[in-house]
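>
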Amino acid sequence: MDNKNRFIIIVSAFSLLIMMSTVTFFIFEDIVKIFNMDEIVIFSWRTFTVFFSYPFLLYFCIIPVYYEFSLRMPKNNNMFIKYLLLISILGLILSIPISWYLDYKFKSLGYSVCYRLSWNAPSKYVKDTKLCN
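All residue numbers for the sequence shown refer to my numbering, where the first residue is 2 and numbers rise by one.
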């Protein structure tokens, strides 16, 4: 492969890695708020889906760079993909029941659910309805 294509692949992989890491940082921040039971908690089923899918997506950002430098695939590539995909699918499947459980738990602890602008928006749980703004 020529140097121009190699450069494009590496820059694209690192750009995607930076974007994914930024999203995962904010997702992780929301998960910490859930465990700390903060005054304001924003939660959606997508939170856990993205959190559990991050290792799988991270692997696919690292593999092109590894291949470009070593010109071979890792030894246990198929095994890594299989287990990381299993974790991602398990996270996707478990995210819906976890979302239902957390909705029940927040409501039983006295949290109020703020009005959402669309059905697709994440739920915002607050201890005091004045915090809904």
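Even for Gly, the Cβ is constructed at its ideal location relative to N, Cα and C.
(1) Is it true that the CB of Val42 sits closer than 9 Å to the CB of Phe107?
(2) Kindly list the residues whose CB is nearer than 8 Å to the CB of Val66, restricted to its own chain and excluding five residues on each side of it in sequence; keep chain order.
(3) For Leu87, which residues of its own chain have a beta-carbon under 7 Å away from its beta-carbon, when the five flanking residues on both sides are left out?
(4) Under three-state DSSP, which class holds Lys125?
(5) For Thr50 and Pro75, what's the separation of their Cα atoms in angstroms?
(6) Could you tell me if Ser54 is buried or exposed, where buried requires 16 or more neighbouring beta carbons within 10 angstroms of its beta carbon?
(7) For the alpha helix (DSSP H) containing Pro75, name the first residue and the last one.
Considering the structure as presented:
(1) As a position in the sequence shown, residue 107 is number 106, starting the count at 1. As a position in the sequence shown, residue 42 is number 41, starting the count at 1. Val42 is positioned such that its CB atom lies closer than 9 Å to that of Phe107.
(2) Counting from one through the sequence shown, the residue named residue 66 turns up at place 65. Closer than 8 Å at Cβ, skipping near neighbours: Ile10, Ile11, Ala14 and Phe15.
(3) Working through the sequence shown from its first residue, we reach residue 87 at position 86. For Leu87, where only same-chain residues beyond five positions count, there are no Cβ hits under 7 Å.
(4) What you label residue 125 is simply residue 124 of the sequence shown in a count that begins at 1. If DSSP states are grouped into helix, strand and coil, Lys125 belongs with the strands.
(5) Residue mapping note: residue 50 aligns to position 49 of the sequence shown, counting from 1. Residue mapping note: residue 75 aligns to position 74 of the sequence shown, counting from 1. The C-alpha of Pro75 is placed about 26 Å away from the C-alpha of Thr50.
(6) In the sequence shown, the residue the question calls residue 54 occupies position 53. Looking at its Cβ environment, which holds 16 or more other Cβ atoms inside 10 Å, Ser54 is buried.
(7) For the purposes of this step, residue 75 is taken as residue 74 along the sequence shown, with counting starting at 1. Element bounds for Pro75: n/a, residue is neither H nor E.
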